[in-house]
Amino acid sequence: MKNKKTGSLYAAGMLIVILAMGLYYVYVLDLNRHRKVSDSYRYYYLDKKLRFWNKYQSMYVIPGHVYDTTIERPYFLEKSSVSAPESDGSGMNFSDSTALIFKMYKNPDRLYVYFRLKSEMGHTMITVGSHSTAYLDEPGSYEIYIPVEPEFIDDNPGTVNRVPVSTSLPVSIYALAITAKKSVPEYYGQYSLSRITVEDYPEPEVR
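For the sequence shown, our numbering begins at 1170 and goes up steadily by one.
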């Protein structure tokens, strides 16, 4: 009888320990989710939305700074559809859709997304936002400026912005920038570049 009672007490004690550990685990998860962390930390580690980690834990971008994506990893890229820089120096593979997630210290009057990229197939559309699209008719390397539609940039500087980017066919990106001007440092790479600048965001079609 004594052994049976001891066994019951042991089982009850173990159950209490397991319940306590479970409650503690839930508490830690909740604390981790709601604690004060940087937006960069939250988007990368907690929400798992960013492709690359920024060791400075900042989501701010400096307009005009060009990332050489044959070796660099832009910290403002969303996780989907973008590879890390390839080891052969061919840049980042981009297919389907992703987004640029970033903050700005000050909103410029106009904002562009700048690409240096290669299209193996041609007949490719690169779209920023909803309607700003560059058309790559022929296979080859391109330098492209595509304007960001104003509705994708929050009126309040310091707020996280999300700008969708998509491609109709896979491309390789050599360089990437968010810029307020239609000019960035010259490129002296191995490819001749065709330049495309989308001057205005087209009006959406009325259906």
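Each residue gets a CB set at the ideal place from its N, CA and C atoms; glycine is no exception.
Might you give, ordered along the chain, the residues of its own chain that have their beta carbon closer than 7 angstroms to the beta carbon of R1279, omitting 5 neighbours on each side?
Taking the sequence shown and counting its residues from 1, the one referred to as residue 1279 is at position 110. So the qualifying residues of the chain are P1316, A1349.
Counterpart residues of T1293 in DSSP-defined beta bridges
To locate residue 1293, count along the sequence shown from 1; it is residue 124. T1293 pairs with L1305.
My output table needs one value for E1318: the three-state DSSP class, helix, strand or coil.
Residue numbering aside, residue 1318 sits at position 149 when the sequence shown is read from its first letter. In this structure, E1318 counts as coil in the three-state DSSP scheme.
Assuming R1285 is part of the beta strand (DSSP E), what are its boundary residues?
Here residue 1285 is taken as the residue at index 116 of the sequence shown, counted from 1. DSSP places R1285 in the uninterrupted beta strand (DSSP E) bounded by 1281-1288.
Give me, in chain order, the residues of the same chain whose beta-carbon lies closer than 7 angstroms to that of Y1274; leave out the 5 immediate sequence neighbours on both sides.
In the sequence shown, the residue the question calls residue 1274 occupies position 105. Y1229, P1326, listed in sequence order.
Could you compute how far the alpha carbon of L1286 sits from the alpha carbon of T1336?
Within the sequence shown, numbered from 1, the residue matching residue 1286 stands at position 117. Within the sequence shown, numbered from 1, the residue matching residue 1336 stands at position 167. Our two residues, L1286 and T1336, have alpha carbons roughly 12 angstroms apart in a direct line.
Relative to the C-alpha of I1322, which residue among P1308, P1243, S1299 is closest?
Position 153 of the sequence shown holds residue 1322. Residue S1299 is the option with its Cα nearest to I1322.
Straight-line gap, Q1359 to Y1343 (C-alpha atoms, nearest Å)
Locating residue 1359 in the sequence shown gives position 190, counting from the first residue. Locating residue 1343 in the sequence shown gives position 174, counting from the first residue. Residue placement at Q1359 is flagged as unreliable, the pLDDT there being 42, under the threshold of 50; the coordinate-derived value follows with that caveat. Spanning the two alpha carbons is a distance of roughly 11 angstroms.
Given that a residue counts as buried once 16 or more other Cβ atoms are within 10 Å of its Cβ, and exposed if not, what is M1190?
Counting from 1 along the sequence shown, the entry for residue 1190 is found at position 21. Exposed: under 16 other Cβ atoms inside 10 Å.
For a quick check, are the C-beta atoms of E1241 and S1341 less than 9 angstroms apart?
As a position in the sequence shown, residue 1241 is number 72, starting the count at 1. As a position in the sequence shown, residue 1341 is number 172, starting the count at 1. E1241 is not a Cβ neighbour of S1341, given a cutoff of 9 angstroms.
Among E1247, V1186, N1276, which has the Cα closest to the Cα of E1318?
Mapped onto the sequence shown, residue 1318 falls at position 149. Distances from the CA of E1318 to each of E1247, V1186, N1276 were compared; the closest alpha carbon is that of N1276.
Report the partner residues of D1278 according to the DSSP bridge assignment.
Position 109 of the sequence shown, counting from 1, holds the residue named residue 1278. D1278 is not bridged to any residue.
Proximity winner among V1235, D1216, S1209, D1237, relative to K1224 (alpha-carbon distances):
What you label residue 1224 is simply residue 55 of the sequence shown in a count that begins at 1. Just measuring C-alpha positions, the residue of V1235, D1216, S1209, D1237 sitting nearest K1224 is S1209.
Proximity of V1206 and L1219 at Cβ, strictly below 9 angstroms
Translated into positions along the sequence shown, residue 1206 becomes position 37. Translated into positions along the sequence shown, residue 1219 becomes position 50. No, Cβ-Cβ distance for V1206 and L1219 is not below 9 angstroms.
What did DSSP end up calling D1208 once you bin it into helix, strand or coil?
Within the sequence shown, residue 1208 is the residue found at index 39, counting from 1. Residue state, collapsed to three classes: helix.
Return the CA-CA distance between F1245 and S1259, expressed in angstroms with no decimal places.
Numbered from its first residue, the sequence shown carries residue 1245 at position 76. Numbered from its first residue, the sequence shown carries residue 1259 at position 90. So the two alpha carbons sit approximately 20 angstroms from each other.
Let me check understanding here. Comparing Cα to Cα, which of L1305, V1329, L1338, P1339 lies closest to L1269?
For the purposes of this step, residue 1269 is taken as the residue at position 100 of the sequence shown. If we check each option's Cα against that of L1269, V1329 comes out closest.
Three-state secondary structure (DSSP) at Y1214?
Your numbering for residue 1214 matches position 45 in the sequence shown. Helix at Y1214.
Could you pull out every residue in the same chain whose Cβ sits closer than 6 angstroms to the Cβ of T1296, ignoring the five residues on either side in sequence?
By one-based count along the sequence shown, residue 1296 stands at place 127. The beta carbon of T1296 is closer than 6 angstroms to those of T1302, S1335 in its chain, skipping five residues each way along the sequence.
DSSP state of M1190, grouped into three classes?
By one-based count along the sequence shown, residue 1190 stands at place 21. Reduced to three states, the DSSP call for M1190 is helix.
Looking at the secondary structure, which residues open and close the beta strand (DSSP E) in which F1221 lies?
The count along the sequence shown starts at 1 and reaches residue 1221 at position 52. According to the DSSP assignment, F1221 belongs to no beta strand (DSSP E), since it is labelled neither H nor E.
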